Structures are given as structure tokens and as C-alpha cells.
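For reference, the structure discussed in these notes is given below.
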Amino acid sequence: MNVKEKILARKRIDFDEALSLYEMDFFELGELANTIREEKHGKKTYFNINRHINPTNICADVCKFCAYAANRKNPNPYTMSHDEIMDIVKKVEANGVKEVHIVSAHNPDTGLDWYLKIFKKIKKEYPHLHIKALTAAEVDFLARHYDKTYDEIIDLMIDNGVDSMPGGGAEIFDTELRDYICKGKVTTEQWLDIHRKWHKRGKKSNVTMLFGHVEKREHRIDHMMQIRKLQDETNGFNAFIPLVYQTQNNYLKIKEPITANEILKTMAISRIVLDNVPNLKAYWVTSTVNLALVAQEFGANDLDGTIEKESINSAAGAKSANGVDITEFVGLIKNSGFIPVERDSIYQEIKEW
Ligand code: V47
């Protein structure tokens, strides 16, 4: 059986076969990924009505790709008070937001309660709001800084009202490359272990991959294989989210940004390789809205959400600082031939728009 026959027969492909897909005809590859997408989700494209909140940009770690953390390229440190965060939540909840996605830099000066008690406050006032918060990188930072185990931090997250974990901080799992782009931060094994522990408590999370910087195709496939292995064990990942590297205001000197073709091929290959992860998110923030719409033809079935405000990727050049208008967003999904379906944070359908 050749690789195409294997994919059509829904047989699992290995590392070399996955890598070889980059050499396949572009449209043939898209078609293969689309068959799997249609089998799983038909023409439905999911989104949710969410708000990103990034409460502090003061960071103890230095990642070369990051333009968000306050440093000499971006000397505007801030830390929100809980009252400021609650004001945002009050306003967006009144406007119909159903999920708050709260991630921060690794601020060593706030105290552990600043990180955790805000969830309790939000849950108390808005029990129906889904709280997606704290990346595995933050969990690792909090555990190290406050001398706790991962289990203790995870239990505190759950006790304080965190519903699911976002997929940030995964970057690229290859150890050598990871050391080059974000040495000192959560390691690959630790990132996977934190999600394993989270999943073992019956909780869901997402997983990202930062690509389009110094990595090679092999590193992307390796990243996908490591996700597939953990997912076989826990089945806890809801979505895979390939994040397209944004080139501005950071310390990675990338002269040639990744092409749209390479982004779409990577999306399609991830749809095929990650046969056990239900959703593939084309995160419009880093891919642009237009390319995310095309990605619907290359395996993607989720476009994240309205976001409203975003600070991490927009600091590095993405056009996402003020989110996207819901009516326009839905119209774009429809006009591209797909069915916009609002979902909740764990992919239960809310309504077709
Ligand atoms: O972890 C940082 C990435 C992530 C850059 O789980 C960059 O539903 C591109 O993880 N270019 C945060 N990316 C965003 C994130 C996320 C977003 C949307 C949904 C979900 C989810 C998770 O942004 C970081 C890092 O990998 N990032 N700098 C940059 N220059």
C-alpha cells in the first residue's frame, strides 16, 4: 500500500510517510485532508464567542520568538489588578461572551494567589462562563517558583474554577530546537506530563505548534507524532492549533516568512497524522482570516472565535489586537461555502448561524 492508499483506507501513517506528504501535489494533499474533515465534521466550521485576557506581560523567561513579554524591545510592563480583570469580564459577559481565555507571562512578583484567585472570583460571579486558563508553561513556572508539584498546581486550578487548559507553550517539541528558541522554559517532557496529568483528571485541553521560524519539516512531523502518542494514552486533546510564527519585534531573525502553501500543507498533513485529535483549528490570528478560510478546504474545521482583544500574537505583527466582528466572521464562513456553527469550549454545538 502506498501512502495515499493507506490514508484512504484510514490506516495510520508513520513519520517517513507523513514527511513524504510535503512532496505530494498540493491539491491532492488538500483533497485527502478534506475527505477526513468531511467525514468527521461535514461542512461545519466551528467557532466560539470568546475573549482573550492577558493579565501581565512581565516575564521571568526569555523566548526568542516572543514580542509580548516586556523587555528591551518592548519596554511597557503591565500587570492588571483583579478589579481590572473583573471589569473586563463583566463587560464582555454582558455582550454574550461564553469563554474567557486567560494566559499571561511568567511574572515572579505577583504571588500565587494573584494567578489563581481570579478564577474563583470569575466563577463565583459568572458560573456559566467557561474559564480556559494557564498554559503548561505557566503551570511549570508556578510550580517552580512557589515550590509546588504539578499535581498541586493542577488541583489548585480545578479548585479555583479553571475548566480547561489552552494549548500554548508547546512551541516545538524537538529538544535541540526548543533549547534554541526558548531555553529555560517548560521542557517537552514536562509540557506533555502536565497535560497528561490534566487529562487524567478527566479534563480537556488543546495543543499548539509554533511553526514557520527556524524549524524544518521533520520537526513539525516529530511534534505531531508526540501529540498523537499522548492522545492515544489520554484522549484529552480537543484541538490541534498550528500557530504561524509572526516575525516582528522579537529576537529570532527570520528573513523569509513561511509561505501560504507551506502553511496549508502543514495543516493538511496535521489533519491526516492526528487521526485521534477531533478538531483542527486554523487560528485566524496568526494565519490571517483569509488563509484560515482557505484552510477549511485543507482539513481545518475550527476558526477559534471572535477573541475581541489579543496581545500576544498582535505584539509580533498579527492583525488581531481588536478581534473580529461576529456578523462579518459568520458571513465570511458562509460565503466560503461552509456552515458556521457556534460551539462551546468543549465542542458541544450551540447553534448554527
Ligand atoms: O504559547 C508567541 C505563541 C502562544 C509568537 O488553546 C507566537 O485554544 C506566533 O497558545 N508568533 C499563545 N505565535 C497563543 C495560544 C493559543 C491561541 C489560541 C487558542 C489557543 C487554545 C491557544 O502564542 C504562545 C506561543 O506559542 N506565540 N510569540 C509569535 N511571534
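Numbers in the numbering used here are just positions in the sequence shown, counted from 1, shifted up by 23. We treat Cβ as the ideally placed atom computed from N, Cα and C, and that holds for glycine. Because the structure is a prediction, the values reported are computed rather than measured.
- Annotation for F49: the continuous alpha helix (DSSP H) segment containing it runs 49–64.
- Remark: the C-beta of L139 is outside contact range of the ligand V47, defined as less than 7 Å to any heavy atom.
- Beta-bridge pairing by DSSP links N73 to E122.
- For V115, the enclosing alpha helix (DSSP H) covers residues 105–117.
- Between Y149 and V209, the C-beta spacing is not below 8 Å.
- By the neighbour-count definition (other C-beta atoms within 10 Å, threshold 16), I373 is an exposed residue.
- Its Cα nearest to that of F142, the residue I177 stands out among K171, I177, Y173, A117.
- The way I'd put it, the segment 305–313 does touch the segment 334–352; three or more beta-carbon pairs between them come closer than 8 Å.
- Secondary structure note for F164: it is in no beta strand (DSSP E), and the uninterrupted alpha helix (DSSP H) holding it is 159–168.
- Scanning the segment 143–221 for uninterrupted alpha helix (DSSP H) segments of 4 residues or longer gives 159–168, 173–183, 198–205, listed from N- to C-terminal end.
- Its Cα nearest to that of M103, the residue I76 stands out among G192, S359, I76.
- CA-to-CA, the gap between A156 and V230 works out to about 13 Å.
- In this structure, DSSP gives S293 a helical state, which the three-state scheme calls helix.
- Counting along the chain, T257 sits inside the alpha helix (DSSP H) bounded by residues 240–257.
- In the DSSP annotation of this structure, the continuous segment of the alpha helix (DSSP H) that includes A315 starts and ends at 312–318.
- If the five residues before and after S343 are omitted, its C-beta is found closer than 7 Å to the C-beta atoms of V308, I330, E333, N336, S337, all from its own chain and listed in chain order.
- Fewer than three pairs of CB atoms, one per stretch, sit closer than 8 Å, so the segment 247–256 makes no contact with the segment 277–288.
- Residue range 349–358 is occupied by the alpha helix (DSSP H) that includes E351.
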